[in-house]
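Taking it in order: structure first as C-alpha cells, then the write-up.
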C-alpha cells in the first residue's frame, strides 16, 4: 500500500512511488556539499563563439534547475531562462516521471540570449564558475540521480565545438581537482511545470534555496559584477 507524501522541495503533495522517489531526491537539503562551495572565476574560453545577429538559445543541465535558472536570469544579455527537461522524450517530460531517474531526462534550463551582449562561450564561463560542480557524476549537492547530471545540450555544431574546447581547456589547466564530468548531449528541451518557473525569486526563504542555490547567485554577483543584473528576467514577466 502506498501513501501520499509531502515533497519539501516543491511544497506539494505527491502520491505513492513518485512521492517517495522525489522525497529521496530532495533529502537533507541543508547538508553542505561541493555544489554549494564558493565559486571562482574561471579563465575565459580560448575559443570564442562565432555568432551572428539575433537571439539564440543554449541549454544547460547542472543539477536542480531552480538554481541554474536563478543564475542565468540575472545575467546581462539573457532575455529568458526556462526550467525544463532535456535528454528524454516528450511523453516523459513530467516532474514525477523525471524524478524516478529512468526517463533519460536531466533537469535543464534553456537560455535565450543576445550574442551582441554575451556570447555562448561567456555563458559557459559563468556556468562552470558558479552554477555547479562539474566534476560530480549524476548528482549535485544533496540531489542524486542521472536527472541531476551535468550536461550541455548544444543548439548546433558551433556550440558543441565551443563547449568541447572549453571543457578540454579547463581540464588541461587542472581548473578542478578532478576531471570535468559534464557531458555533451543531444535532445529536445521541454519546459517544466509552471510551479517550477522563477522558483528562486518567488521562494527566496525556502530552505533548499537558502542552502543550495542562493550562494550561486551571490557568487555570480561577486565574481562577475560586470555581467550581473540586479533584477532577474522572469518567465512570468516579460523583460523590461
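Residue numbers (my numbering): 2 to 241. In this text, a Cβ means the ideal position worked out from N, Cα and C, and glycines have one as well.
For the pair residue 150 and residue 53, the Cα-to-Cα distance works out to about 30 Å. One alpha carbon belongs to residue 166, the other to residue 173, and they sit about 10 Å apart.
With fewer than 16 neighbouring CB atoms inside 10 Å of its own CB, residue 138 falls in the exposed class. In its chain, beyond the 5 residues on either side, 82, 84 and 110 have a beta carbon closer than 6 Å to the beta carbon of residue 70. Residue 65 sits close to residue 213, with the two beta carbons spaced by under 8 Å. If the five residues before and after residue 185 are omitted, its C-beta is found closer than 7 Å to the C-beta atoms of 153, 155, 161, 164 and 165, all from its own chain and listed in chain order. Approximately 11 Å separates the beta-carbon atoms of residue 128 and residue 225; this is outside 8 Å, ruling out the contact. Straight-line spacing of the CA atoms in residue 190 and residue 236 works out to 16 Å. The criterion of a C-beta distance shorter than 8 Å is satisfied by residue 46 and residue 125. About 15 Å separates the CB atoms of residue 59 and residue 88; that is not less than 8 Å, and the two are not in contact.
If only complete runs of 4 or more residues are kept, the region 147-191 shows the alpha helix (DSSP H) at 158-173, in order along the chain. In the DSSP assignment, residue 108 falls within the beta strand (DSSP E) that extends over 107-114.
Going by beta carbons, residue 114 and residue 79 fall inside the 8 Å limit. Closest by C-alpha distance to residue 199, out of 67, 211, 41 and 96, is 67. In the structure shown, residue 85 falls within a strand segment according to DSSP collapsed to helix, strand and coil. As DSSP reads the structure, residue 141 sits in a beta bridge with 144.
With a threshold of 16 other beta carbon atoms within 10 Å, residue 49 falls short and is exposed.
Per DSSP, reduced to three states, the secondary structure at residue 58 is strand. Ranked by Cα distance from residue 217, the first of 117, 44, 142 and 112 is 142. Within the same chain, Cβ atoms closer than 6 Å to the Cβ of residue 140 are found at 149, the five residues on either side in sequence being excluded. The alpha-carbon of residue 95 is positioned some 24 Å away from that of residue 208. Secondary structure note for residue 129: it is in no alpha helix (DSSP H), with a DSSP letter that is neither H nor E. Inter-residue distance for residue 194 and residue 210 is about 18 Å (C-alpha atoms, whole angstroms).
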